[in-house]
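Engineer: Just so you know, we're using UniProt numbering here: the sequence shown kicks off at 1 and counts up by one.
For each residue, glycine too, the CB sits at the ideal point set by N, CA and C.
These numbers come from a predicted model, not from an experiment.
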Amino acid sequence: MEDYKRYTLGAGILTVSIIQLVLYGFTLLGLLVNLFMKDQIADFLSTQPGGDEALAALTSSQLTIQLVIYSLLFIALIVILFKKSLGVYTYFTCIAVNYIYAIIMGGFRPLSVVSLILPALLAFFIYKKKHLYFGDKDSNLNTYN
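1. In chain order, what residues of the same chain have a beta carbon less than 6 angstroms from the beta carbon of residue 12, not counting five sequence neighbours either side?
2. Residue range of the alpha helix (DSSP H) that residue 101 falls in?
3. Quick check on DSSP: helix, strand or coil for residue 36?
4. Evaluate contact between the region 71-82 and the region 106-113, counting only Cβ atoms and requiring at least three cross-stretch pairs below 8 angstroms.
5. Buried or exposed for residue 76, please, with buried defined as at least 16 other CB atoms from any protein chain shown within 10 angstroms of its CB.
6. Tell me the DSSP secondary structure of residue 136 in three-state form.
7. Are the CB atoms of residue 16 and residue 132 nearer to each other than 7 angstroms?
8. State the start and end residues of the unbroken alpha helix (DSSP H) segment that holds residue 66.
9. Starting from residue 127 and walking both ways along the alpha helix (DSSP H), at which residues does that stretch end?
Laid out in structure tokens, this is it:
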């Protein structure tokens, strides 16, 4: 029984991954709607007070870059749930790229550090179960994926 528990994903990895999958799913849906209905959104925003600033921030290239980053994050989380180390590398690389991109595009904001809470929790839980992703150095079993 103990050996079975050793090679299963922990509740922390599952919980954080599922929460992030749901959040990234809604984000992808919103980005797709913004990308494909950009003209209707521009018409609506032009009638609203302060809509000019919002229109200036809504470019197709920014939406496309965000769509690619969040798609990679979504796929990386699924690969993490399959216990593959490629998912861990891809996920944390995309998190770093997304954070740097947000700083470049909008400047550093102290509140933006809040977006790193779930990735930090996932990093902690993956570290506790690192033998699932990066091999087991304590026994003769090779669990490297």
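Structural biologist: In short, the structure shows the following:
1. Here residue 12 corresponds to residue number 12 of the sequence shown, with the count starting at 1. Around residue 12: 125.
2. Your numbering for residue 101 matches position 101 in the sequence shown. Its alpha helix (DSSP H) spans residues 85-106.
3. In the sequence shown, residue 36 corresponds to position 36, counting from 1. If DSSP states are grouped into helix, strand and coil, residue 36 belongs with the helices.
4. no
5. Counted from its first residue, the sequence shown places residue 76 at position 76. It is buried - the Cβ of residue 76 has at least 16 other Cβ atoms within 10 Å.
6. The residue given as residue 136 occupies position 136 in the sequence shown. Reduced to three states, the DSSP call for residue 136 is coil.
7. Along the sequence shown, one-based indexing puts residue 16 at 16. Along the sequence shown, one-based indexing puts residue 132 at 132. Going by C-beta atoms, residue 16 is not nearer than 7 angstroms to residue 132.
8. Within the sequence shown, the letter at position 66 stands for residue 66. Unbroken alpha helix (DSSP H) run through residue 66: 60-81.
9. Locating residue 127 in the sequence shown gives position 127, counting from the first residue. From DSSP, the alpha helix (DSSP H) with residue 127 extends over 117-128.
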